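>
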Ligand code: PEP
Ligand code: MN
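Residue numbers (the working numbering): 73 to 349.
(1) Rounded to whole angstroms, what's the CA-CA distance from residue 106 to residue 195? Just pull it up for me.
(2) Would you grab the beta carbon distance between residue 240 and residue 222 for me? Rounded to a whole angstrom, and I think it's under 8 Å.
(3) Is it the case that the stretch 324-334 contacts the stretch 94-102, given that we only count it when at least three CB pairs across the two stretches are under 8 Å?
(4) Are at least three pairs of beta-carbons, each pair with one atom in the stretch 241-258 and one in the stretch 271-290, less than 8 Å apart?
(5) In terms of alpha-carbon separation, which member of 150, 143, 170, 259 lies closest to residue 158?
(6) Is residue 61 buried or exposed, if buried means 16 or more other CB atoms sit within 10 Å of its CB?
(7) May I have the straight-line CA-CA distance separating residue 294 from residue 334, to the nearest angstrom?
(8) Helix, strand or coil: how does DSSP classify residue 317 here?
(9) Is residue 283 near ligand 1, with its Cβ less than 8 Å from a heavy atom?
(10) Mind checking which residues open and close the beta strand (DSSP E) that includes residue 234?
(11) Given that a residue counts as buried once 16 or more other Cβ atoms are within 10 Å of its Cβ, and exposed if not, what is residue 152?
(12) Across which residues does DSSP place residue 335 in a beta bridge pair?
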């Protein structure tokens, strides 16, 4: 299926406890287990925009049953004129949200020089799609002692994705969770932002013991598509979800980043209740 020699440490065949079975490594993130039998739900805003917005969403996603809080303090934006995130101030707001709700924090690190800083606040360090092949960044998080959420590149093959995981593992950090977030295809942009590649989940599980979760938000780009995408992902073997959420009564037009795809906490609760029956 995939050239096994290019990635060795994250290869299922290389480990006697995972060889010939379908078990995945259970990764503990501040008390939350990813890769076990229970589906993990990480939810929160695309970007930390303000203290009030983040605390409101953090409380609401906790109430809805989420296990962890997501939120970008450093945002990878297509244009340099778009909102870039609150940066260190955003990290401080996330720390307050964690203190108030008890939810562990998932946030993106884009710059190898900032791994130490972001790592002080993040329970799970997110490598974004655009940085899946930023090799110096992969090496840096590989040397850092925190679990890593490795998103699939916009056009990455499974082999390229696993080779990126290998860069992290080779430095000594094998606490890696894969996250499918949609890939570019001919259909992209017509009725969805990307195409959610649920087909990749089974081959990923055959090739590696690392757990895999799905992001139904960036892969669809549309709030109305998120509930079905979420349930389809879990049915396809995903071990968790990374979902963007907005305030229950927030006017979408006021959101600074990815305003079309965030779901309301009431919808999040319905999704969580339906995947945990
Ligand atoms: C995100 O999850 O905040 C994000 C920017 O996603 P991606 O890297 O998949 O585009
Ligand atoms: Mn987003």
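Where is the CB? At the ideal position from N, CA and C, for every residue including glycine.
Just so you know, these numbers come straight off a predicted model, no measurement behind them.
Result, derived from the coordinates:
(1) Approximately 13 Å, taken between the alpha carbons.
(2) Going by Cβ atoms, the distance from residue 240 to residue 222 rounds to 7 Å, so yes, they are a contact pair.
(3) Output reads no: the stretch 324-334 does not touch the stretch 94-102.
(4) Yes, the stretch 241-258 touches the stretch 271-290.
(5) Comparing alpha carbon positions, the residue from 150, 143, 170, 259 closest to residue 158 is 143.
(6) Outside the displayed span of the chain (73 to 349) sits residue 61, for which this structure offers no information.
(7) If you take the alpha carbons of residue 294 and residue 334, they lie about 8 Å apart.
(8) Looking at residue 317 - three-state DSSP - the assignment turns out to be strand.
(9) Remark: the shortest separation between the CB of residue 283 and any heavy atom of ligand 1 does not fall under 8 Å.
(10) No beta strand (DSSP E) holds residue 234; the alpha helix (DSSP H) holding it covers 230-242.
(11) Answer is exposed; the Cβ neighbour count stays below 16.
(12) Note: residue 335 is bridge-paired with 317 in the DSSP secondary-structure output.
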